[in-house]
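All letters in the sequence shown, in the order written, are residues 258 to 539 by my numbering.
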Amino acid sequence: MNILFLMVDQLRHDYLGCTGHPSIRTPNIDALANCGVRFDRAYVQSPLCGPSRMSTYTGRYCHSHGATWNGTPLRVGEMTLGDHLRPLGVETVLCGKTHAATDMRGLERLGIDPNGTIGRRIAECGFDVWERMDGEFPAGLSDLRSPYQDYLRAKGYGSANPWHDFANSGEDEDGNILSGWQLRNSTRPARIAKEDSETAWLTARAMEFLDQAGDTPWCLHVSYIKPHWPYVAPAPYHEIYGLDDIKPVVRSNSELADPHPVLAAFQDKRVGKAYSRTEVRE
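Set out below in structure tokens:
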């Protein structure tokens, strides 16, 4: 038996056709939902990418596995999906994003070579890497090396950072680059053909794995970056939906009266203060 383990980043459950959104159409996800089992009361264990993923890979709460923040490594010795499947003869492979960080101190303490097979698997949450692609290359960085960056350059997207300058930016009427990191630019189409987007490229890489997979059972984890910020999409996807498709947010002032201490700490940070303002959210 083979397992195709798909993951996306920052996709709300109520913005799918199969969960009842009145206007958004997601036919492929809906087809999967219709022929499978839906877990309608499953909740992520953290609002942050890294900790949430580590909980998914380990089946444990954040306070148990210890990776409570982005960039905090999963401890050496934490059992993951790959650690459970590999002894059963299942090749466990990554294609995409994990947001994993390496527990270098743990590897050093135990004398494990970080460049060896065991060390690499520990660093990659138990997966063997077919393609690791976390994205998130900020503007201003140059000469960034990654297979996707190399792919874009080979396709003629000439830039020191084509991930940012083309795949995740738009442009104005004068040809100036408008960074997708700025939410106000999200209505612009990305400066890239849809077949060259991160999503299309990662799908192609996953299909390459499937084409070469032999008789050994496999679990392929295809982990997409989108719809995670930067909120930029290539044409024609950038204009399929608009403000009328965004459902009103359910808010209660009681949440602010006696908030959980962690929530209160987030609200007091710069981003929390900014998004508490109506004009910023709109």
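We treat Cβ as the ideally placed atom computed from N, Cα and C, and that holds for glycine.
Check                                                                                                                                                                                                     : Outcome
Which class does H478 belong to by DSSP, given the choice of helix, strand or coil?                                                                                                                       : strand
Hey, is the segment 475-495 in contact with the segment 440-458, meaning 3+ C-beta pairs nearer than 8 Å?                                                                                                 : yes
Cα separation between A490 and S443?                                                                                                                                                                      : 8 Å
Please work out which residues of its chain come closer than 7 Å, Cβ to Cβ, to F523, disregarding the five sequence neighbours upstream and downstream, and give them in chain order.                     : G529
Between the alpha carbons of R527 and P474, how many angstroms are there, rounded?                                                                                                                        : 47 Å
If contact is defined by three or more beta carbon pairs under 8 Å, each pair taking one atom from either stretch, is the segment 487-504 in contact with the segment 421-430?                            : yes
Using 8 Å as the cut-off, can you tell me whether the segment 328-340 makes contact with the segment 355-364, which would need three or more C-beta pairs spanning the two stretches below that distance? : yes
Where H341 and S533 are concerned, what is the direct C-alpha to C-alpha distance, given to the nearest angstrom?                                                                                         : 43 Å
Taking contact to mean at least 3 C-beta pairs separated by less than 8 Å, is the segment 378-390 in contact with the segment 342-352?                                                                    : yes
Using a threshold of 7 Å, state whether the C-beta atoms of A358 and G328 are closer than that.                                                                                                           : yes
Roughly how many whole angstroms lie between the Cα atoms of E221 and V506?                                                                                                                               : This structure leaves residue 221 out entirely; the chain is present only between 258 and 539.
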